[in-house]
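Before any comments, here is the structure.
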Amino acid sequence: MSHKPTTVADLDEFTVLIDARSPAEYALDHIPGAINCPVLDDEERRIVGTIYVQQSAFEARKIGGAFVARNIARHLDELFRDKSKDWRPLVYCWRGGMRSGSFVNWLRLVGWDAQQLKGGYKAWRAHVIEQIAQRAPALDLRVLCGPTGSAKTRVLQALAEQGEQVLDLEDLAAHRGSVLGAVPGRPQPSQKGFETQLMHRLGGLDPTRRVWVEAESRRIGRISVPEPLLQRLRESPVVEIAASPTARLAYLLRDYAWLGDDRQALADKLGSLRELLPKEVLAQWQAWALDGALTPLFEALMARHYDPLYARSQGRHLARLPNAQRVECEDLSDTGIQHLAARIAQLP
1 MSHKPTTVAD
11 LDEFTVLIDA
21 RSPAEYALDH
31 IPGAINCPVL
41 DDEERRIVGT
51 IYVQQSAFEA
61 RKIGGAFVAR
71 NIARHLDELF
81 RDKSKDWRPL
91 VYCWRGGMRS
101 GSFVNWLRLV
111 GWDAQQLKGG
121 YKAWRAHVIE
131 QIAQRAPALD
141 LRVLCGPTGS
151 AKTRVLQALA
161 EQGEQVLDLE
171 DLAAHRGSVL
181 GAVPGRPQPS
191 QKGFETQLMH
201 RLGGLDPTRR
211 VWVEAESRRI
221 GRISVPEPLL
231 QRLRESPVVE
241 IAASPTARLA
251 YLLRDYAWLG
261 DDRQALADKL
271 GSLRELLPKE
281 VLAQWQAWAL
291 DGALTPLFEA
301 LMARHYDPLY
311 ARSQGRHLAR
321 LPNAQRVECE
331 DLSDTGIQHL
341 AARIAQLP
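Start counting the sequence shown at 1; every next residue gets the next number (the UniProt record's numbering).
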């Protein structure tokens, strides 16, 4: 049984990764594939922390030790009873300290070659940041831009279906990046969770082939695009989808039809624009929302909000927009998007 320091580079050597942190910590972010076997649950962690602050470290360890022993015993009984002697777990907590250390000691007493991740989750987090910083500048990006309603995300999906490499940041962020961009049934991940997914996605890309990505601002909902990737995106070649207003409106009415299912929620979302619009304009938009009148609402959003925002932001953020390749489009139906993607894929 080896007791050498185990680092992030050694992850593939183990049968299973065990995250010994609390469920709340695990939910925010964790090493992909790790299972959560907390030695302290969320409430127990709160209790121990309170005792540590209000009484002493000794009292906290005494109470916490009992929690930890019971929880580890339960995991051994319920999850690991059937594991053979050659089962090899790697355990981590926040910093590679007492939580994972206690777990490893018990597993080793049983006879398994259990190891503790040096530096814990913090070491993993540093690895994620480092990998994004290394991989993002090497990407051969092609940036799709166009005003809201140009079906950029659907074009990305069609490009992927046609064999092109795609980096769909809005899918990773579970948000479409606009005032109405929340995705039904998909809460946004934490910032750390997003970056872990991003690093994993970057690792699967072939650096010798181009990668299509949608033009994004610094923030996608409440998620921030990491600076190395944002800079690479802003300096990369641009392809602009020049769809007609009629095609864009038809696409928006089809793609955002679900907004009409909860009219009050739609009106409330529009309220976030109150600092940008005259009161009477916002009142009219919210009245349309409450009436389910999506056609005049989306026409007004395009003319008064989305298009001016696009005109201001893209020229400022995309260095190579003046030299963009423009692709005209009059049809953003499902078939039209497939044809549009095929045309884009043929560009040099």
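Where is the CB? At the ideal position from N, CA and C, for every residue including glycine.
Relative to the C-alpha of residue 363, which residue among K192, A267, R142, V183 is closest? Because the chain spans 1 through 348 in this model, residue 363 falls outside it and cannot be assessed.
With 16 other Cβ atoms within 10 Å as the buried cut-off, status of residue 354: This structure cannot settle anything about residue 354, because the visible part of the chain is limited to 1 through 348.
Find the nearest neighbour of Y26 within the set D168, D261, D42, judged by alpha-carbon distance. D42
Does G146 pass the burial test, meaning 16 or more other C-beta atoms within 10 Å, or should it be called exposed? buried
I'd like the list of long-range same chain contacts for D206, defined as Cβ closer than 8 Å, with 5 residues on each side in sequence excluded. Q165
Alpha carbon to alpha carbon, how far is I223 from L139? 21 Å
What are the boundary residues of the alpha helix (DSSP H) that includes P228? 227–234
Tell me the DSSP secondary structure of D186 in three-state form. Checking the sequence, you will find Arg at residue 186 rather than Asp. In the structure shown, R186 sits in coil (DSSP, three-state: anything other than H, G, I, E or B).
Rounded to the nearest angstrom, what separates A34 and A20 at their Cα positions? 10 Å
Entirely within the stretch 154–229 and at least 3 residues each: give me those beta strand (DSSP E) ranges in chain order. 165–167, 210–214
Smallest Cα separation from W212: which of V225, Q231, S236, V281? S236
Please name the residue in L253, C37, Q264 whose C-alpha comes closest to that of G149. L253
Where does A293 fall in DSSP's three states? coil
Between residue 351 and R234, which are expected to be in contact by the criterion C-beta below 8 Å, what is the C-beta distance as a whole number of angstroms? Nothing can be reported for residue 351, as the shown portion of the chain is limited to 1 through 348.
Reducing DSSP to helix, strand and coil, say where I63 ends up. helix
Tell me which residues share the same chain as L270 and place their Cβ nearer than 7 Å to its Cβ, disregarding the 5 neighbours each side in the sequence. L282, W285, Q286, A289
Is the beta carbon of L169 less than 8 Å from the beta carbon of A247? no
Looking at the strands, I want to know which residues DSSP matches up with E328. A242
State the Cα-Cα distance for the pair K85 and A66, rounded to the nearest angstrom. 27 Å
Return the chain-ordered list of same chain residues with a C-beta closer than 6 Å to the C-beta of T7, the five sequence neighbours on each side being excluded. K118
8 Å Cβ cutoff met for V16 and L40: no
Unbroken beta strand (DSSP E) run spanning D19, endpoints: 16–19
For the stretch 150–161 against the stretch 187–201, do three or more pairs of beta-carbon atoms, one drawn from each stretch, fall closer than 8 Å, so that the two count as touching? no
Heavy atom of the ligand SAM less than 7 Å from the Cβ of T196, yes or no? Looking for the ligand SAM in the displayed structure turns up nothing, as the structure carries no ligands at all.
Verify whether the separation of the beta carbon atoms of A174 and P187 is less than 8 Å. yes
Would you mind stating whether D162 and A311 have Cβ atoms separated by less than 8 Å? Here residue 162 turns out to be Gln, not Asp, going by the sequence shown. No, Cβ-Cβ distance for Q162 and A311 is not below 8 Å.
In terms of alpha-carbon separation, which member of Q191, A182, L309 lies closest to R125? Q191
CB I18 to CB L90, shorter than 8 Å? yes
Which of the three DSSP states is assigned to D261 in this structure? helix
For I63 and V48, believed in contact at Cβ under 8 Å, the rounded distance: 6 Å
With Y26 as the anchor, note down where its alpha helix (DSSP H) starts and where it stops. 23–28
Nearest by alpha-carbon distance to R232: which of I132, D255, K279, H30 is it? I132
For N323, tell me which candidate among L144, L202, S272 has the shortest Cα-Cα distance. L144
Member of P137, L11, L28 whose CA lies at the smallest distance from the CA of Y92: L11
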